[in-house]
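The sequence shown begins at 62 in this note's numbering and counts up by one. The structure appears below as structure tokens.
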Amino acid sequence: IVAQALPENESLNVETPGEEREGEESETIHNTVAADNTDSTNNDNPWADLTAPVADYEYFPETRRDQSVEEPVFQFDQSKCSSLVIDTSPPMLLPQSSGACDGFDGVLHIQQGDFGGASGTIFFLFVLGQLQYAEQFNLKPWVHLNSWSKMVYDQVVHGQGSKRKFTMMDGMSIGWARDARDVDGNLFPGRPRLRPDQNQLQQHEFSVEGTGVWNHYFMPVSDFSPGDASCENKPLLTLDYDMIAPGIHYQSPWAPMAWRVGDIEYILRRDIDFDVWIEPKRRNAAKLAKNYIRFNAEMQQRAECAHPKRDNSLGIHIRHSDKGVTRGGVIALSDFFPYAKAFVENGSGSIFVATDSSLVITEITSKWPNDIMSHVVYQGGTTLSRNDTATFDLAVSHHQTNLEALTDILALSKCTYLVHGFSALSEATIYLNPSLIERSVNLEHKDQDDKAKYTKFLKMIESE
62 IVAQALPENE
72 SLNVETPGEE
82 REGEESETIH
92 NTVAADNTDS
102 TNNDNPWADL
112 TAPVADYEYF
122 PETRRDQSVE
132 EPVFQFDQSK
142 CSSLVIDTSP
152 PMLLPQSSGA
162 CDGFDGVLHI
172 QQGDFGGASG
182 TIFFLFVLGQ
192 LQYAEQFNLK
202 PWVHLNSWSK
212 MVYDQVVHGQ
222 GSKRKFTMMD
232 GMSIGWARDA
242 RDVDGNLFPG
252 RPRLRPDQNQ
262 LQQHEFSVEG
272 TGVWNHYFMP
282 VSDFSPGDAS
292 CENKPLLTLD
302 YDMIAPGIHY
312 QSPWAPMAWR
322 VGDIEYILRR
332 DIDFDVWIEP
342 KRRNAAKLAK
352 NYIRFNAEMQ
362 QRAECAHPKR
372 DNSLGIHIRH
382 SDKGVTRGGV
392 IALSDFFPYA
402 KAFVENGSGS
412 IFVATDSSLV
422 ITEITSKWPN
432 DIMSHVVYQG
442 GTTLSRNDTA
452 TFDLAVSHHQ
462 TNLEALTDIL
472 ALSKCTYLVH
482 GFSALSEATI
492 YLNPSLIERS
502 VNLEHKDQDD
512 KAKYTKFLKM
522 IESE
């Protein structure tokens, strides 16, 4: 029943108001479903079901042209770079929207990523995956993050403000689907449909708390704001945690990925080169980023202060701290040095270094030759780790580490070339600047040897 799709002739928008009802405990419901599904699959994944509906809709529909994403008003002010402050005030509330839901079948409230992801993972991989879902089913997206994603949530900063209440329609849930190519029936979010215990939608008063996290760093992804009269007779939907992870993040064939994660072969395609596999994922994510993601003026000011000379520049992302613990080892700084050296010898410009490790900065400034070091710039005054403790686990504000990581992402995205390892932060950089798909080298790419990677880089910089 839970995996049942909405019949094709049944509209998402049931405009019949009724009695207010309390929301159900969704995690209990879905955990029960998972247990019930275990006998229907031939693998050990409880989130698989060969009897679930096969997805029969477009994974990548054409983006609606009437999505309204506001462009920030920004003019760089060099004088502010010497005295950047961490603004902890709540973002200004959007003016009350009008007509935001016209032509849409409901609103998708993007409320969380996974529990332990940091800035690149939450703000890009998880948000973009849910934006893709909204496009699949003609839902107006709205990002207002709660406190679940603990590495990006800061109670002092993001918990400000009073509870906001608004009325929309309740009674919809999101069904499960599987891909016809998948012999194991791994599940991901499918068509929205009426909850099994409902025969019509009912008006319900919803509420959200805090600032929503997102608007501290980005412009809203759409023109929706709670209370829009055009939305009152449309359903509000959210994706439960299990639908986000593993559902979208690990098991859907359309979600962005920073590397091959999991063991679903039709998704991971280990029979083809990594670059061939990841390119369409990057292009789809880049299209979503272009349509929805705009850094606000404060973030753009920070990025320009961090990296003002962007013409013909090289970005280097060096992830150390917790990477050795979580993904099997760090890339030695000495592996990046030949690329920096070749870049300088080719008569090129600045080298922007983004790192989470103070030891990396110390080694660069003390050991790299002056003729190379003179090209290096990096974000000053940031929170850096001296060991394998992640920066977001240090005793500092998560708002501050969000600002610093997102500044690195935006500054790296303005570079002409990129050298990096596997990281959601590096991947987000490429989504913002898809020309880096052809102008980047992943030093952890195992399908190419070190000589082939270096030769590729030399051809890049010498062709300019």
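All C-beta atoms, glycine included, are put in the ideal place defined by N, C-alpha and C.
About 4 Å separates the Cβ atoms of S418 and H381, confirming a contact at the 8 Å cut-off.
Secondary structure of R344 (DSSP, three-state): helix.
Beta-bridge pairing by DSSP links P202 to L169. Taking 8 Å as the cut-off, the Cβ atoms of H368 and K520 do not count as close. Counting only residues of its own chain and dropping the five nearest sequence neighbours on each side, G181 has a CB closer than 6 Å to the CB of A485, L486 and A489. A distance of 8 Å or more separates the beta carbons of G174 and I333. The straight-line gap separating the alpha-carbon atoms of N463 and V274 is approximately 10 Å. Annotated three-state conformation of F137 is coil, per DSSP. Assignment of A350 by DSSP, reduced to helix, strand and coil, places it in the helix class. CA-to-CA, the gap between A347 and A364 works out to about 19 Å. Following the DSSP letters along the chain, one finds Y478 inside the beta strand (DSSP E) bounded by residues Y478 to H481. Within the same chain, and ignoring the five residues on either side of Q221 in sequence, the residues whose Cβ sits closer than 6 Å to its Cβ are P151 and T272.
Listed as beta-bridge partners of E266 by DSSP are T228. In terms of CA proximity to S223, L154 leads the group K201, P107, S144 and L154.
Take M280, set aside five residues on each side of it, and the residues of its chain with a beta-carbon closer than 6 Å to its own are E131, P133, R355 and N357, in chain order.
In the structure shown, W338 adopts helical secondary structure according to DSSP, grouped into three states.
For F285, there is no enclosing alpha helix (DSSP H), as DSSP gives it neither H nor E.
The Cβ-Cβ distance between P296 and L262 falls below 8 Å. When only Cα atoms are considered, F413 and D469 end up about 9 Å apart.
For P107 and R252, the gap between their C-alpha atoms comes out near 20 Å. Note that the C-beta distance between F285 and K201 is below 8 Å. In its chain, beyond the 5 residues on either side, G174 have a beta carbon closer than 6 Å to the beta carbon of F187. Taking 3 residues as the shortest admissible run, the stretch 366-421 contains the following complete beta strand (DSSP E) segments, listed from N- to C-terminal end: 375-379 and 412-416. The Cβ atoms of A401 and L189 do not sit closer than 8 Å to each other.
Straight across, the Cα-Cα distance linking N407 with C366 is about 25 Å. Separation of Q509 and Q259 (C-alpha to C-alpha, rounded to the nearest whole angstrom) is 54 Å. In summary, P122 is exposed, with fewer than 16 beta-carbon neighbours lying within 10 Å of its beta-carbon over all protein chains present. Assignment of alpha helix (DSSP H) within the stretch 209-257, counting only whole runs of 4 or more residues, yields 216-219 in chain order. Between the stretch 494-505 and the stretch 426-434 there are fewer than three C-beta pairs closer than 8 Å, too few to call the two in contact.
Burial check for P341: the Cβ neighbour count within 10 Å stays below 16, so the residue is exposed. Cβ-Cβ distances below 6 Å link I328 to P314 in the same chain, with the five nearest sequence neighbours on each side left out; the list follows chain order. Here R331 has no same chain residue with a Cβ atom under 6 Å from its own Cβ, once five neighbours each way along the sequence are excluded. A Cβ-Cβ contact shorter than 8 Å links E119 with Q197. Residue environment for E523: exposed (fewer than 16 other C-beta atoms within 10 angstroms of its C-beta).
R242 counts as exposed, since fewer than 16 other beta carbons sit within 10 angstroms of its beta carbon.
Within its own chain, the residues whose Cβ lies closer than 6 Å to the Cβ of D396, once the five positions on either side in sequence are excluded, are L504, listed in chain order.
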